Amino acid sequence: MPLFRRTSALLSGIPLLPALFVAAILLSSLAIQLKIEDVHEGEKTLLDQNRKIARIVYNLVFFQKSVRQALLERLEAAPGSSGRPEMSDLDGQKAALFRETSAVLDGVPQAKLPFSRTIVSELSLNFALFRKDLVSSRPAPSTDLRFHYRALEESILSLHLATQTALFGIERSRIALMNTQMRLWNTQFGAVLVLGLLTIGVEFLRERKKNEQKLWDLTYRDQVTGLSNENLFRDRIDSFIRLMAPETRLFGLLAIGIDGFKRINSAYGHGAGDAVLTKLAMRLGAEAGEGNLLVRGEGDAFLIMVTDSDSVEELYRRAGRIRERCSAPVEHGGHQIALSLSVGISCFPENGTQADILVERAKSALSTAKEKEGEHPVWLFDPALAARTFETMELAQSIRRGIQREEFVLYFQPIVDLARDKAHLAEVLVRWNHPEKGLVPPSTFIPVAESNGTIVDLGSWILEAACRQGRIWHDKGFDLSLSVNASTRQIRQPGFLDHVRKVLEETGFSPRNLVIEITESTMIAEWETSLRVTQELDRMGIALSIDDFGTGYSSLSYLNRLPIHHLKIDKSFVDDLEDNDRSREVVKGIIILSHALNILTVTEGVEHEEQRNILRGLGADFIQGYFYSRPLPAPIFETFMEEFNGNGTLHA
Ligand code: C2E
Ligand code: MG
Ligand code: MG
25 MPLFRRTSAL
35 LSGIPLLPAL
45 FVAAILLSSL
55 AIQLKIEDVH
65 EGEKTLLDQN
75 RKIARIVYNL
85 VFFQKSVRQA
95 LLERLEAAPG
105 SSGRPEMSDL
115 DGQKAALFRE
125 TSAVLDGVPQ
135 AKLPFSRTIV
145 SELSLNFALF
155 RKDLVSSRPA
165 PSTDLRFHYR
175 ALEESILSLH
185 LATQTALFGI
195 ERSRIALMNT
205 QMRLWNTQFG
215 AVLVLGLLTI
225 GVEFLRERKK
235 NEQKLWDLTY
245 RDQVTGLSNE
255 NLFRDRIDSF
265 IRLMAPETRL
275 FGLLAIGIDG
285 FKRINSAYGH
295 GAGDAVLTKL
305 AMRLGAEAGE
315 GNLLVRGEGD
325 AFLIMVTDSD
335 SVEELYRRAG
345 RIRERCSAPV
355 EHGGHQIALS
365 LSVGISCFPE
375 NGTQADILVE
385 RAKSALSTAK
395 EKEGEHPVWL
405 FDPALAARTF
415 ETMELAQSIR
425 RGIQREEFVL
435 YFQPIVDLAR
445 DKAHLAEVLV
455 RWNHPEKGLV
465 PPSTFIPVAE
475 SNGTIVDLGS
485 WILEAACRQG
495 RIWHDKGFDL
505 SLSVNASTRQ
515 IRQPGFLDHV
525 RKVLEETGFS
535 PRNLVIEITE
545 STMIAEWETS
555 LRVTQELDRM
565 GIALSIDDFG
575 TGYSSLSYLN
585 RLPIHHLKID
595 KSFVDDLEDN
605 DRSREVVKGI
615 IILSHALNIL
625 TVTEGVEHEE
635 QRNILRGLGA
645 DFIQGYFYSR
655 PLPAPIFETF
665 MEEFNGNGTL
675 HA
């Protein structure tokens, strides 16, 4: 069937709709042509007949000449002479004429004749009468002869006229028909031409589109897996970088490769290699996460652009998860082909700010991971970054362990009421009593706990431990409120408020004695959440304190929109309070503004008496700093309180 196949292949290339149009036009044109031919045939016969009749009439005109000649001869003949003209010629002519006429007339139906048959009969009769007068031995008077001649002449004339009119009519309708035909041809030709052009145009566009698609596929699509390829990947990365700058968030590229892919190809064949790639593409697609672009790289590599990880460490863990979940054996041709994957990671902006560089670095990290043969199946491009990440990851793990083993302890730093010179408020500050490293300050682990989410568990523990301690002191009779720090991630947690309620309930610590500190930057970055959480805390009777005021955007507009009780002026303002008039003016301004809004100020980091005196002069309400005391463990803090407050420590 090669011919059939070739024909169908040829036909399949023809666009269906225009082809149908052309066929319809050709068919209708054929029908019209047949109709025209039909009419044409009829007209042609009619014309033929009438031409014959016309020839007869033409002969008649000659005949009439002879008749007239005969008449003249007769009239000019000398009176008395017989003067009979020779009639045999005329009779012969007439006989031939009438024979021919009858032959034509007999073949034509009456309805189609341009004149009635009686005209011919009349003609014959008039000739007979004329001849009789002419050849009679007793010649008729010339008036009769003339009369019969005129009658004969009129018969001939009317026959002539009728024939001419009919001929003219036929010619006219023929011309009209030809015009119609011409117009029809023109219209058809135009329609076919337009359709032809349209078809060519449509075909051209289709072809171009097909070529464009082919070109796009060749440029951007991988033929084996159907995924986009590296070219598209690089384009997308560059536009992503352009679009998100200058925000410059972190994102990562994962280069995922199959360990020993060549071995799979040589052991099971290239079909198996393709099957493994296709299967892996599907698995990676399911694991990559929504919005993260997955493409096929060169050889056995796949690339994923991960834009929804908050930290390098999370990216690293994510890569490990993807690797694990996609490594199940692939079944092909009755074989279970074992799959082992390696992953290389590069990070924006640490490892580069251009697609090409980031892709190359992710691939180079992949090569390192492969070289390490299972020792480090996930590898970060930048060794320093890798070291830091591993450290951070270890730290994250040990924070979790630390919470379980109760390695964290709370320290308390008094916040002194300047007007009364008493401390009935203290900030709760966490410390890590690490089994090997000793007492670790929060600046080293709080940011890590923030970035990997362990702050949620740690924060819960701190709040609970603080309230428990608060309740103990309350039971001992101390008049003391505690100011507990809450991190951004903590307040963003949907269960945060419920947890606060539960802790207060379980420990029996009064919400009136609890202050929650939220940093100014958290407040602004998480505006909606802060608004909701702080309003609810306020309803519960818990005071809100804005920490590190003056270090962030210091957008003052939020101050009167939130239920704020304390505003903590950052240590940086206090540091040069003694030498810098401007700092003094700024602090003075903050205090005046706070008082106008019914907010109390807590100035942090007061180390010298001079600073304390200046602040007192500026109308500051509370002071916290080494000048009074460093953060202290609970038992020592208790002693401090007793000494510092004297009788005022206990409830009245
Ligand atoms: P912060 O909340 O602003 O805490 C005040 C920090 O200033 C404390 O540092 C405190 O020891 C220190 N400080 C107080 N007075 C002075 C002073 O006169 N001079 C100097 N140089 N420093 C002073 P610390 O305890 O190292 O805490 C650092 C930061 O770690 C805190 O800043 C807070 O942001 C965070 N942090 C501490 N404990 C917790 C906690 O329980 N939860 C959360 N989420 N964050 C905490
Ligand atoms: Mg604080
Ligand atoms: Mg602070």
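According to this note's numbering, the sequence shown holds residues 25 to 676 in order.
We put the CB at the ideal spot given by N, CA and C, even for glycine.
All values derive from a computational prediction rather than experimental measurement.
For residue j and residue i, the rounded distance between their alpha carbons
| i | j | result |
| --- | --- | --- |
| residue 361 | residue 368 | 23 Å |
| residue 88 | residue 179 | 10 Å |
| residue 615 | residue 542 | 19 Å |
| residue 78 | residue 195 | 14 Å |
| residue 580 | residue 379 | 40 Å |
| residue 564 | residue 491 | 15 Å |
| residue 313 | residue 279 | 15 Å |
| residue 234 | residue 363 | 37 Å |
| residue 397 | residue 416 | 23 Å |
| residue 391 | residue 287 | 17 Å |
| residue 511 | residue 483 | 8 Å |
| residue 72 | residue 221 | 44 Å |
| residue 23 | residue 309 | Past the edges of the chain, shown from 25 to 676, lies residue 23, and the structure says nothing about it. |
Close Cβ partners of residue i (< 7 Å) along its chain, the five nearest in sequence each way excluded
| i | result |
| --- | --- |
| residue 405 | 368, 369, 370, 375, 385, 386, 388 and 389 |
| residue 448 | 441, 503, 504 and 505 |
| residue 657 | 433 and 435 |
| residue 151 | 118 and 176 |
| residue 377 | 265 |
| residue 258 | 379, 380 and 383 |
| residue 669 | 446 and 447 |
| residue 393 | 366, 367, 368, 400, 401, 402 and 403 |
| residue 28 | Its pLDDT being 44, under 50, residue 28 is placed unreliably by the model, and nothing is read from it. |
| residue 667 | none |
| residue 532 | 495 |
Spatial neighbours of residue i in its chain, beta-carbon cut-off 6 Å, leaving aside the 5 residues before and after
| i | result |
| --- | --- |
| residue 534 | none |
| residue 475 | 335 |
| residue 317 | 260 and 329 |
| residue 301 | 248 and 249 |
| residue 634 | 602 |
| residue 693 | No answer is possible for residue 693: it lies beyond the span of the chain, which begins at 25 and ends at 676. |
| residue 455 | 433, 435 and 463 |
| residue 44 | none |
| residue 591 | 570, 573, 618, 623 and 625 |
| residue 472 | 416 and 419 |
| residue 346 | 311 |
Neighbour-count burial assignment, residue i, 16 or more Cβ in a 10 Å radius
| i | result |
| --- | --- |
| residue 321 | buried |
| residue 499 | exposed |
| residue 444 | exposed |
| residue 461 | exposed |
| residue 467 | exposed |
| residue 571 | buried |
| residue 30 | For residue 30, the predicted structure reports a pLDDT of 47, less than 50, and the residue's modelled location is therefore unreliable. A value from the coordinates is still provided. Exposed, since its Cβ has fewer than 16 Cβ neighbours within 10 Å. |
| residue 650 | exposed |
| residue 676 | At residue 676 the pLDDT is 43, less than 50, meaning the model places this residue with poor confidence and gives no usable figure here. |
| residue 465 | exposed |
| residue 172 | buried |
| residue 547 | buried |
| residue 303 | buried |
| residue 240 | exposed |
| residue 679 | Past the edges of the chain, shown from 25 to 676, lies residue 679, and the structure says nothing about it. |
| residue 628 | buried |
Check: residue i C-beta below 6 Å from any heavy atom of ligand 4
| i | result |
| --- | --- |
| residue 572 | Ligand 4 is not part of this structure, which contains only ligand 1, ligand 2 and ligand 3. |
Cβ-based neighbour list, residue i, same chain, cut-off 8 Å, excluding 5 preceding and 5 following
| i | result |
| --- | --- |
| residue 254 | 319, 320, 321, 322, 327 and 383 |
| residue 525 | 564 |
| residue 574 | 544, 593, 594, 596, 597, 610 and 614 |
| residue 516 | 550 and 553 |
| residue 246 | 252, 253, 319 and 320 |
| residue 325 | 279, 280, 281, 387 and 390 |
request  = Please confirm if the region 650-664 is in contact with the region 435-444, defined as three or more CB-CB distances below 8 Å between the two stretches.
outcome  = Of all C-beta pairs linking the region 650-664 to the region 435-444, three or more are shorter than 8 Å, placing the two stretches in contact.
ask   = Mind pulling the beta strand (DSSP E) runs of 3 or more residues that sit fully within the region 533-570?
value = The region 533-570 contains these whole beta strand (DSSP E) runs: 538-543.
task = Report the residue ranges of all beta strand (DSSP E) runs contained in full by the region 238-295; include only those spanning at least 3 residues, in chain order.
result = Segments of the beta strand (DSSP E) lying fully in the region 238-295: 275-282.
message = With a threshold of 8 Å, are at least 3 pairs of Cβ atoms found where one atom belongs to the region 214-232 and the other to the region 291-301?
response = Taking 8 Å as the limit for Cβ pairs, the verdict is that the region 291-301 does not touch the region 214-232.
request  = Would you be able to state if there are at least three C-beta pairs under 8 Å between the region 633-652 and the region 597-607?
outcome  = Remark: three or more beta-carbon pairs, one from each stretch, lie closer than 8 Å, so the region 597-607 and the region 633-652 are flagged as touching.
task = Go through the region 336-401 residue by residue and report every complete run of the beta strand (DSSP E) that reaches 3 residues or more, in order.
result = Correct list: 354-356, 359-361 and 365-372.
Every unbroken beta strand (DSSP E) within the region 578-620, with a cutoff of 3 residues, ordered by chain = For the region 578-620, whole beta strand (DSSP E) runs of length 3 or above, ordered along the chain, are 590-593.
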